[in-house]
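*Asks:* Take a look at this one; I'll ask things after.
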Amino acid sequence: MNKGQVLLHLLQAFEAQGIPAVVVGDTRGYPAEIQSDADVVVAPEHLVRMPLLLERVAREQGWQIVQHLQHEQVAHYFVIAWRGATDTEYLAFDVCSNYLRRGRPLLTAASLLEGRVPLGQTGLFVPPPARAFLYYAL
Numbered sequence: 007m008n009k010g011q012v013l014l015h016l017l018q019a020f021e022a023q024g025i026p027a028v029v030v031g032d033t034r035g036y037p038a039e040i041q042s043d044a045d046v047v048v049a050p051e052h053l054v055r056m057p058l059l060l061e062r063v064a065r066e067q068g069w070q071i072v073q074h075l076q077h078e079q080v081a082h083y084f085v086i087a088w089r090g091a092t093d094t095e096y097l098a099f100d101v102c103s104n105y106l107r108r109g110r111p112l113l114t115a116a117s118l119l120e121g122r123v124p125l126g127q128t129g130l131f132v133p134p135p136a137r138a139f140l141y142y143a144l
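For what it's worth, this note's numbering labels the leading residue of the sequence shown as 7, then goes sequentially.
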């Protein structure tokens, strides 16, 4: 299993729980090549469910969450580890809801999730192009 497969599995688990999500940032090469952390946006009401949901999915798959930080009021950073073909592999997974600056919303999760579009044939979703660009520019 590689990073892209782990990411796809996580986002499919979200969808199965009724949690729509979008991948934001530079998604070129996804899911085959994930160069840094995977940035994902969910609605604020679902963000609180992330730690337990990720823990359950990790346990079911034989993965481990080796790091979890709530690094902002509305953002959690996870590092998920699993045994690869020859070594331990990792996926850094950053999930957030509204984009806040000094406690004020600059970009809502709803605006990024509304009208989400498939990222080619990957099984991933991204925000509509104009909103994806706005997120990237912020």
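Glycine residues also receive a C-beta, built at the ideal position from the N, C-alpha and C atoms.
Would you mind giving the Cβ-Cβ distance between Ala115 and Val54, rounded to the nearest angstrom? I have them listed as a contact below 8 Å.
*Replies:* The residue you call residue 115 lines up with position 109 of the sequence shown. The residue you call residue 54 lines up with position 48 of the sequence shown. With 8 Å as the limit, Ala115 and Val54 do not qualify as a contact, their Cβ atoms being about 13 Å apart.
*Asks:* With three or more beta-carbon pairs closer than 8 Å as the criterion, would you say the segment 77-88 touches the segment 24-31?
*Replies:* No: the two stretches stay apart, fewer than three of their Cβ pairs being nearer than 8 Å.
*Asks:* With a threshold of 8 Å, are at least 3 pairs of Cβ atoms found where one atom belongs to the segment 116-134 and the other to the segment 94-102?
*Replies:* Flag = no, the segment 116-134 and the segment 94-102 do not touch.
*Asks:* Below 7 Å CB to CB, which residues in the same chain sit around Val72 once its five sequence neighbours on both sides are set aside?
*Replies:* On the sequence shown, residue 72 is found 66 positions in, with the first residue counted as 1. Val85, Ala87, listed in sequence order.
*Asks:* Give me the Cα-Cα distance between Phe139 and Phe131, rounded to the nearest whole angstrom.
*Replies:* Looking up residue 139 in the sequence shown gives position 133. Looking up residue 131 in the sequence shown gives position 125. Straight-line Cα distance between these residues: approximately 15 Å.
*Asks:* Rounded to whole angstroms, what is the Cα-Cα separation between Gly129 and Gly109?
*Replies:* Locating residue 129 in the sequence shown gives position 123, where the first residue counts as 1. Locating residue 109 in the sequence shown gives position 103, where the first residue counts as 1. Rounded to whole angstroms, Gly129 to Gly109 spans 33 Å at the Cα level.
*Asks:* So the candidates are Glu95, Asp43, His77; which of them puts its Cα closest to the Cα of Gly68?
*Replies:* As a position in the sequence shown, residue 68 is number 62, starting the count at 1. It is Glu95.
*Asks:* Curious, which full-length alpha helix (DSSP H) runs of at least 4 residues does the segment 120-144 contain?
*Replies:* The segment 120-144 contains these whole alpha helix (DSSP H) runs: 135-143.
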